[in-house]
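Heads up: the sequence shown runs through residues 35 to 474, numbered per the working numbering.
Just below is one structure, and these are the notes that go with it.
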Amino acid sequence: MKLVSSARFVTPPLTRRKREWLSKLLDQFAESVNFCIQRCLAHGITSRAGLHHIAYGEWRSKFSIATHWFHSAGQVATQTLRSWRRLCHQGSADPKKPPVYEALTMRLEIWTEKNSTGICWFFGNSIQIRVRRGEYLWLPLVVTKHHELMYMRDWREGKKRVGEITISRFRKDRANVWVPFKREVKVKSAEGVCGIDVNERSINLCILKSSQEPKFIRLDCSKLPAIKHASQLKRKSIQKKLDVPPQHPLQKQRLKAKYHRRERNRMNQLMHVVSKKVAGILSREKVEPVFESLTNIRQSMRSKRKSKNGKALRKDMRRRLNQWPFHKFQFYTEYKTLRSGYQTHYLPHEQVRGTSSTCPICGARNKPNGRMFSCKVCGFKASRHFVGAYNIAARWLTKNVGSHVPPEWRQMQPMVDGAVLQAKSSVKVQKTRDKFATGF
Ligand SMILES: [Zn+2]
Numbered sequence: 035m036k037l038v039s040s041a042r043f044v045t046p047p048l049t050r051r052k053r054e055w056l057s058k059l060l061d062q063f064a065e066s067v068n069f070c071i072q073r074c075l076a077h078g079i080t081s082r083a084g085l086h087h088i089a090y091g092e093w094r095s096k097f098s099i100a101t102h103w104f105h106s107a108g109q110v111a112t113q114t115l116r117s118w119r120r121l122c123h124q125g126s127a128d129p130k131k132p133p134v135y136e137a138l139t140m141r142l143e144i145w146t147e148k149n150s151t152g153i154c155w156f157f158g159n160s161i162q163i164r165v166r167r168g169e170y171l172w173l174p175l176v177v178t179k180h181h182e183l184m185y186m187r188d189w190r191e192g193k194k195r196v197g198e199i200t201i202s203r204f205r206k207d208r209a210n211v212w213v214p215f216k217r218e219v220k221v222k223s224a225e226g227v228c229g230i231d232v233n234e235r236s237i238n239l240c241i242l243k244s245s246q247e248p249k250f251i252r253l254d255c256s257k258l259p260a261i262k263h264a265s266q267l268k269r270k271s272i273q274k275k276l277d278v279p280p281q282h283p284l285q286k287q288r289l290k291a292k293y294h295r296r297e298r299n300r301m302n303q304l305m306h307v308v309s310k311k312v313a314g315i316l317s318r319e320k321v322e323p324v325f326e327s328l329t330n331i332r333q334s335m336r337s338k339r340k341s342k343n344g345k346a347l348r349k350d351m352r353r354r355l356n357q358w359p360f361h362k363f364q365f366y367t368e369y370k371t372l373r374s375g376y377q378t379h380y381l382p383h384e385q386v387r388g389t390s391s392t393c394p395i396c397g398a399r400n401k402p403n404g405r406m407f408s409c410k411v412c413g414f415k416a417s418r419h420f421v422g423a424y425n426i427a428a429r430w431l432t433k434n435v436g437s438h439v440p441p442e443w444r445q446m447q448p449m450v451d452g453a454v455l456q457a458k459s460s461v462k463v464q465k466t467r468d469k470f471a472t473g474f
């Protein structure tokens, strides 16, 4: 199994000449991609080979950069079109509006012995881009300790290979360089599965192994909604203050961007912490994670999914759930567990329905009532979140492995309770005034 993890490098401040060169190349790349998109649409082409066949001559006469740039641009163009077609098919893009490549980034193929159409070389502490025959742009890279430990050592030993490099300009005089490192991972066979149920304030794991009682782990992560809430308040107050005339649209934009950035960075960091914790548990227990499939999760929240009263979810509840970065959490956990050799599974969309309302003992559907789950048919009682996590694991096991979970597990109690990112309790400490009590 191939494991890809991208490293972000930053260049040291570039000279003016290099900056101008780079931005010219970025422009040329975007133009090339748009040119390729137009040709693909005009001739109904979906593959890179077909594109090469019909548009190469014209591209050559239009652009004065090395011919291999055409391959990299064609790659991006065909991929952009593919995802656009998929979105059109799903109904979330307009088929009459073809995509336009506006991103200020370029994705360049790397030159290897196998891939002679590459235009980019990676040397560890710098990259070299071929512009024209005999004309190269060198970008030095700042290699930190983190890069050295995580990527460079393995890369030098030949354990990791480098994929397509993405370059973008960012603030002032530096450029961003993303380098994907690929590694082959041997997939281990797991001893069992672990259902993962994500809730607003907690992540619940249910570990199922053959001939063992289910094990539950609850990870408290109430810090996440707390951060979301705090930054929401912050945004509101900024809006309130800056909406009063005289208006400063630029300042408002800048402030909003700043807080958005801050919030995103914080959330990413927290997601890394949580997913690392989860991946640690998974590799310790030697189990494969099973997630709910997230296909159409946003849409389902918008309309179909009903709350316990039978109405669509309330607006603020929807907002709160929409803010939870489910996908990010799954993505991080997936690659972190793959590092230790375990594959991630997804419970298909059709099977996700009713995971937290089906009784694990008798299979009856119950309306969830508060935090506790209680079955009206057989009287089984447990925490609702654990029932959800258990059902995810059990359904996947029954369908894919065929092993059924013994029905005699009636003591479904939370066993381990781990606080990863607990929100700070907002207890106000009373200030002592003794200092000022002068005693008169
Ligand atoms: Zn029951």
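From the three backbone atoms N, C-alpha and C, an ideal C-beta is built for every residue, glycine too.
Remember, predicted model here, so these are calculated numbers, not experimental data.
Heavy atom of ligand 1 less than 8 angstroms from the Cβ of F420, yes or no? Not under cutoff, so the answer is no.
The stretch 146–157 contacting the stretch 114–129, beta-carbon criterion three pairs below 8 angstroms: Counting Cβ pairs under 8 angstroms, fewer than three are found: no touch.
Quick one: what does DSSP say M305 is sitting in, helix, strand or coil? The answer is helix: DSSP assigns M305 an H, G or I state.
Hey, quick one: how far does the alpha helix (DSSP H) through E65 stretch, first residue to last? Where E65 is concerned, the enclosing alpha helix (DSSP H) starts and stops at R50 to H77.
Which residue marks the beginning of the beta strand (DSSP E) containing R217, and which one marks its end? Looking at the DSSP string, the run of the beta strand (DSSP E) that includes R217 is R208 to E218.
Is K415 helix, strand or coil by DSSP? Residue state, collapsed to three classes: strand.
Please state the DSSP three-state secondary structure of Q266. Of the three classes helix, strand and coil, the one that applies to Q266 here is helix, per DSSP.
C-beta atoms of G375 and V219 nearer than 9 angstroms: Taking 9 angstroms as the cut-off, the beta carbon of G375 is found closer than this to the beta carbon of V219.
Nearest to Q62 by alpha carbon, out of T392, I99 and K36? Residue I99 is the option with its Cα nearest to Q62.
Report all residues from its chain with a CB closer than 6 angstroms to the CB of K290; omit the five preceding and five following residues, and keep chain order. Cβ neighbours of K290 within its own chain (closer than 6 angstroms, five residues either side excluded): none.
How close, in whole Å, do the beta carbons of L142 and S202 come, if the pair is a contact with beta carbons under 8 angstroms? With 8 angstroms as the limit, L142 and S202 do not qualify as a contact, their Cβ atoms being about 12 angstroms apart.
Beta-carbon distances below 5 angstroms to any heavy atom of ligand 1 define the shell here; list its residues in chain order, please. Result: C393, I395, C396, A398, C409, V411, C412 and F414.
What's the call for S390, buried or exposed, on a 16-neighbour Cβ count within 10 Å? So S390 counts as buried.
Please return the same chain residues whose Cβ sits closer than 8 angstroms to the Cβ of N302, not counting the five positions on each side in sequence. Taking C-beta separations shorter than 8 angstroms and ignoring five residues to either side along the sequence, the partners of N302 in its chain run K362, following chain order.
Count the other C-beta atoms from every protein chain shown that fall within 10 angstroms of the C-beta of V312, then say buried if there are 16 or more, exposed otherwise. Burial check for V312: the Cβ neighbour count within 10 Å reaches 16 or more, so the residue is buried.
Straight-line Cα distance separating M406 from C412: Cα to Cα, C412 sits roughly 15 angstroms from M406.
Do L316 and L37 have their C-beta atoms closer together than 9 angstroms? Cβ distance not < 9 angstroms, so L316 and L37 don't count as in contact.
In this structure, does DSSP put K222 in helix, strand or coil? Of the three classes helix, strand and coil, the one that applies to K222 here is coil, per DSSP.
For S95 and I230, what's the separation of their Cα atoms in angstroms? A direct Cα-to-Cα measurement between S95 and I230 gives close to 55 angstroms.
In chain order, what residues of the same chain have a beta carbon less than 6 angstroms from the beta carbon of K338, not counting five sequence neighbours either side? Caution is warranted here: a pLDDT of 45 is assigned to K338, below 50, making its placement in the model unreliable, and the coordinate value is therefore given only provisionally. For K338, there are no CB contacts under 6 angstroms within the same chain when 5 residues up- and downstream are skipped.
To the nearest angstrom, report how far apart S460 and N233 are at their CA atoms. Low per-residue confidence applies at S460: pLDDT is 44, beneath 50, and the placement is therefore not dependable enough to give any value.
Is it true that the CB of C228 sits closer than 9 angstroms to the CB of E319? Yes, the pair counts as a contact, with Cβ atoms nearer than the cut-off.
By DSSP, does L37 sit in helix, in strand, or in coil? Strand.
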